[in-house]
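>
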Amino acid sequence: MSAYLEQFLDAFLSVLDFVYGERWVAPFVLLPIMFAAAFIVRQRAKKRVVPYLSAARERIDALQSSLGTDRDPDAERRAFAENYIEVSGAMGTEQEGAHNLVQAWREFQESMVDESASPVRNTNRPSAFFNRAAPKLTVLHFASNIFVGVGLILTFLGLIVALNTAAQNMGEDITAAKLSLEHLLTVAGAKFFTSVAGLGASIWLRFTEYNLSKKIRRDTDLICELLERGLLYVSPQRLAVEQLDVLREQRDQLKFFNTDVALQLSERIGAQFTQAIAPVAASLTELNDNMTSVTQGIGAGAREAIEKVSGEQLRGLSETLGELRGKLDAIGQSVGNSGADAANQIRLAGEDFSKAASDIREAFDRLAGQVDGMGTRITEQSDAAQAAQQKALADILAGIEDAQARSNTMLTTMLTTLQTAGSEAAGSIQQEVEKTLKSGVEASGETFRKAIEASSGELRDTTKKLSDAVGEAAQQVERASVGFSQSSEKAAQTAEAMRNVTDSARTVATSMSDAAQGFASAAGPVADAARSVGQAAGRVADTVEADRAAAMAALTEMRSLADSIRSTQQSAETAWSDYRARFEGVDQALSKATEKLAETLGDSLTQFRKFAQETDREMAAAVSRLSNTLTQIEEYAESLDDFVEETRTMREAAE
Numbered sequence: 109m110s111a112y113l114e115q116f117l118d119a120f121l122s123v124l125d126f127v128y129g130e131r132w133v134a135p136f137v138l139l140p141i142m143f144a145a146a147f148i149v150r151q152r153a154k155k156r157v158v159p160y161l162s163a164a165r166e167r168i169d170a171l172q173s174s175l176g177t178d179r180d181p182d183a184e185r186r187a188f189a190e191n192y193i194e195v196s197g198a199m200g201t202e203q204e205g206a207h208n209l210v211q212a213w214r215e216f217q218e219s220m221v222d223e224s225a226s227p228v229r230n231t232n233r234p235s236a237f238f239n240r241a242a243p244k245l246t247v248l249h250f251a252s253n254i255f256v257g258v259g260l261i262l263t264f265l266g267l268i269v270a271l272n273t274a275a276q277n278m279g280e281d282i283t284a285a286k287l288s289l290e291h292l293l294t295v296a297g298a299k300f301f302t303s304v305a306g307l308g309a310s311i312w313l314r315f316t317e318y319n320l321s322k323k324i325r326r327d328t329d330l331i332c333e334l335l336e337r338g339l340l341y342v343s344p345q346r347l348a349v350e351q352l353d354v355l356r357e358q359r360d361q362l363k364f365f366n367t368d369v370a371l372q373l374s375e376r377i378g379a380q381f382t383q384a385i386a387p388v389a390a391s392l393t394e395l396n397d398n399m400t401s402v403t404q405g406i407g408a409g410a411r412e413a414i415e416k417v418s419g420e421q422l423r424g425l426s427e428t429l430g431e432l433r434g435k436l437d438a439i440g441q442s443v444g445n446s447g448a449d450a451a452n453q454i455r456l457a458g459e460d461f462s463k464a465a466s467d468i469r470e471a472f473d474r475l476a477g478q479v480d481g482m483g484t485r486i487t488e489q490s491d492a493a494q495a496a497q498q499k500a501l502a503d504i505l506a507g508i509e510d511a512q513a514r515s516n517t518m519l520t521t522m523l524t525t526l527q528t529a530g531s532e533a534a535g536s537i538q539q540e541v542e543k544t545l546k547s548g549v550e551a552s553g554e555t556f557r558k559a560i561e562a563s564s565g566e567l568r569d570t571t572k573k574l575s576d577a578v579g580e581a582a583q584q585v586e587r588a589s590v591g592f593s594q595s596s597e598k599a600a601q602t603a604e605a606m607r608n609v610t611d612s613a614r615t616v617a618t619s620m621s622d623a624a625q626g627f628a629s630a631a632g633p634v635a636d637a638a639r640s641v642g643q644a645a646g647r648v649a650d651t652v653e654a655d656r657a658a659a660m661a662a663l664t665e666m667r668s669l670a671d672s673i674r675s676t677q678q679s680a681e682t683a684w685s686d687y688r689a690r691f692e693g694v695d696q697a698l699s700k701a702t703e704k705l706a707e708t709l710g711d712s713l714t715q716f717r718k719f720a721q722e723t724d725r726e727m728a729a730a731v732s733r734l735s736n737t738l739t740q741i742e743e744y745a746e747s748l749d750d751f752v753e754e755t756r757t758m759r760e761a762a763e
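Numbering-wise (my numbering), the sequence shown opens with residue 109 and increments by one.
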């Protein structure tokens with residue numbers, strides 16, 4: 109059994125010896141095969157990834173175009189909301205390599221709150237959906253590890269073959285041992301080729317995996333970033349808080365509606381409904397009375413008509429029978445002496461007449477019964493008509509109640525719509541106000557910045573002009589104070605003149621009173637007019653005094669304003685002096701820092717030059733040491749050859 113196993117192992121090792129024994133097999137056969145296998149794996153991975161990258165790039169272009177050119181966050185969200193239909197169509201387009209992206213977009217759409225609002229809000233981050241859609245490169249990772257393992261296995265197999273060959277030939281002469289040693293080195297070189305092939309294929313696949321993963325991650329992250337810029341993320345907790353606020357507002361509004369508004373509306377609606385339904389109820393009552401009277405009149409008239417017709421027919425029949433009976437009696441008396449046959453015939457005729465009379469009586473009894481049944485049916489029909497009338501009235505009342513309920517529902521809907529419209533209008537007004545304020549603040553900031561930039565070079569001239577303007581303003585204030593004082597003096601003179609006029613009028617009134625004592629009744633109104641003029645003159649004088657006091661107060665304020673303007677001018681001159689002194693120090697410090705930076709760069713260049721020289725020196729020393737090591741290895745190889753030669757000589761001598 110062991111012999112067979114030995115033969116099998118020798119056959120297996122002989123095949124491997126052919127692979128590793130020939131120097132050209134490993135570098136020109138095994139190494140290209142492994143790199144070709146790595147190339148096939150790489151192409152299959154790229155075949156899966158390239159369509160995905162193309163689809164992702166198309167979606168990135170669509171998202172970038174939907175965000176517009178304005179980089180303001182609000183403007184981007186507004187543009188995204190306006191172009192949402194186009195974005196949704198582009199993101200949901202089915203094509204090669206885009207299945208995972210389409211599925212991720214559909215799942216992400218389910219997290220959006222309202223796609224028709226502006227901005228569009230979402231409750232989940234897009235990265236949670238689109239990172240799962242990216243293709244996984246597990247095949248490249250697995251294949252790179254497999255190539256390393258295959259290279260190691262082939263290396264160990266070559267080592268086994270080399271050791272087996274060396275062991276077989278070491279027991280022979282020196283030539284065979286030398287040949288086996290050479291074969292050992294050849295196999296060792298071949299097995300290292302297999303290791304190099306495995307490691308090279310693994311490194312190549314690793315680089316491919318890194319590059320493809322980098323591209324996938326870049327495009328996927330860019331899609332998520334563009335979606336984040338176009339959408340407004342709202343956490344579920346924030347949505348819950350907003351819903352709670354809305355519910356609280358609805359609760360307050362429902363309380364107000366159920367207490368005040370409902371009572372007022374119910375009273376007004378009830379009054380208007382009662383006023384509107386009163387004519388309808390009166391008409392229905394009158395209709396019911398008319399239908400009842402008509403029904404009763406129809407029953408009584410029918411009953412009377414039937415009784416009248418039946419009585420007349422019965423009376424006519426009785427008269428006919430009485431006449432017939434008289435005729436029969438006359439016939440009986442005329443033929444009293446006739447024969448037996450005539451008597452029998454008369455008897456038979458009497459029996460027939462009796463039978464006919466009984467039939468007529470039964471017919472009249474049936475007629476009376478039918479008349480009674482007709483009266484009963486007419487009564488039942490009148491009752492049924494009255495019941496239908498009551499049912500119709502009940503249906504009408506139910507319809508009126510339903511109409512009232514629908515009107516209440518309509519009023520509630522109208523109130524809700526008004527509240528919603530008011531809330532939306534308030535929100536839109538608030539947004540417009542915020543936008544206006546924001547644009548105003550930006551414009552003010554831009555204007556202020558431009559003013560600062562424009563005034564930085566001419567601040568000194570502007571300060572001088574400001575001081576001149578302040579001086580002129582002070583002079584104008586002083587001139588205005590002089591004008592106010594002159595105006596007050598003129599106003600006083602005017603008041604004095606009006607007082608003189610009033611005194612003259614009063615004197616004239618007194619003279620007229622003395623001259624026209626007989627016309628006292630006519631002079632009374634003149635005196636009252638003079639008194640009124642005097643009172644008006646007093647009020648004018650008071651007004652003039654108040655104007656004078658106001659003018660003095662204004663003059664005082666103007667003087668204080670002039671003092672404050674002078675102090676402001678002094679403060680501005682002081683600030684300008686501080687500013688000039690401070691920035692002169694800054695310029696000096698900046699020049700010193702520039703000089704220090706130049707010195708530091710010069711020192712750095714000098715140190716780098718020294719470092720380069722030292723590195724060249726150390727590299728030269730390392731090359732020298734490496735050459736010494738190679739010399740020692742050559743000497744060791746010569747010593748090994750000498751040792752082998754001596755060993756062979758000793759063995760030959762021993763033999």
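Note that CB positions come from ideal geometry on N, CA and C, so glycine has one too.
Hey, is the stretch 244 to 262 in contact with the stretch 291 to 308, meaning 3+ C-beta pairs nearer than 8 Å?
yes
> Assign Y112 to buried or exposed, taking buried as 16 or more other Cβ atoms, counted over all protein chains shown, within 10 Å of its Cβ.
exposed
> Exposed or buried, which one is E357 when buried takes at least 16 other CB atoms within 10 Å?
With fewer than 16 other Cβ atoms within 10 Å, it is exposed.
> Taking the straight line between their C-alpha atoms, what separation do you get for A843 and R240?
Any question about residue 843 goes unanswered here, given that the chain covers just 109 to 763.
> Which one of T708, T664, Q203 has the shortest CA to CA distance from V158?
Q203
> Have a look at the DSSP bridge pairing and note the partners of M660.
Paired residue(s): none; M660 is not in a bridge.
> Which partner residues of N230 appear in the DSSP bridge assignment?
M220, Y341
> Taking only three categories from DSSP, how would you classify T570?
Because T570 sits at a pLDDT of 44, beneath the cut-off of 50, its placement in the model cannot be relied upon, and the following sentence gives the value as read from the coordinates. T570 falls in the helix class under three-state DSSP.
> Less than 8 Å separating the beta-carbons of A145 and L245?
no
> Report yes if the C-beta distance between A251 and L320 is below 8 Å; otherwise report no.
no
> If we count the other Cβ atoms within 10 Å of its Cβ and call it buried at 16 or more, is K299 buried or exposed?
buried
> Three or more beta-carbon pairs under 8 Å between the stretch 224 to 234 and the stretch 335 to 345, yes or no?
yes
> Per DSSP, what kind of secondary structure is N239 in: helix, strand or coil?
DSSP places N239 in helix when its eight states are reduced to three.
> Decide yes or no for the touch test of the stretch 167 to 175 against the stretch 194 to 210: beta carbon pairs closer than 8 Å, at least 3 of them.
yes
> Please report how far the alpha carbon of A270 lies from the alpha carbon of S110, in whole angstroms.
22 Å
> For A764, count the other beta carbons within 10 Å of its own beta carbon; 16 or more makes it buried, fewer makes it exposed. Which is it?
With the chain covering 109 to 763 only, the question about residue 764 has no answer from this structure.
> Between A236 and V247, what straight-line distance do the alpha-carbon atoms span, to the nearest angstrom?
Looking at the two C-alpha atoms, the distance is approximately 23 Å.
> Give me the Cα-Cα distance between I141 and R150, rounded to the nearest whole angstrom.
Roughly 14 Å separates the two Cα atoms.
> How about L138 and F301: do their beta carbons lie closer than 8 Å?
yes
> Can you grab the Cα-Cα spacing for the pair E290 / A296, in whole Å?
10 Å
> Quick one, are the C-beta atoms of I331 and F238 less than 8 Å apart?
Going by C-beta atoms, I331 is nearer than 8 Å to F238.
> On the criterion of 16 or more Cβ atoms from any shown chain inside 10 Å, does G328 qualify as buried, or is it exposed?
The amino acid at residue 328 is misidentified as Gly; the sequence shows Thr. By the neighbour-count rule (16 or more Cβ atoms within 10 Å), T328 is buried.
> How far does the alpha helix (DSSP H) with K154 in it extend, from its first residue to its last?
139 to 175
> Cα-Cα, which of S303, A225, A206 is closest to E190?
A225
> Given this structure, state the Cα-to-Cα distance separating E218 from P234, to the nearest angstrom.
11 Å
> Let me know if L352 comes out buried or exposed under the rule of 16 or more other beta-carbons within 10 Å of its beta-carbon.
exposed
> Of the choices R326, Y192, F136, whose alpha-carbon is the least far from that of S174?
Y192
> Quick check on DSSP: helix, strand or coil for N191?
Residue state, collapsed to three classes: coil.
> Please confirm whether T273 and L292 have their CB atoms less than 8 Å apart.
yes
> Under a three-way DSSP split, which group does K299 fall into?
helix
> Thinking just about the alpha-carbon of each residue, which of G266, E703, N208 is nearest to the one in A164?
N208
> If I measure Cβ to Cβ from T283 and keep anything under 7 Å in the same chain, skipping five residues before and after, which residues do I get?
none
> When you compare each of R717, L347, S303, Q361 to G259 by their alpha carbons, which one comes out closest?
S303
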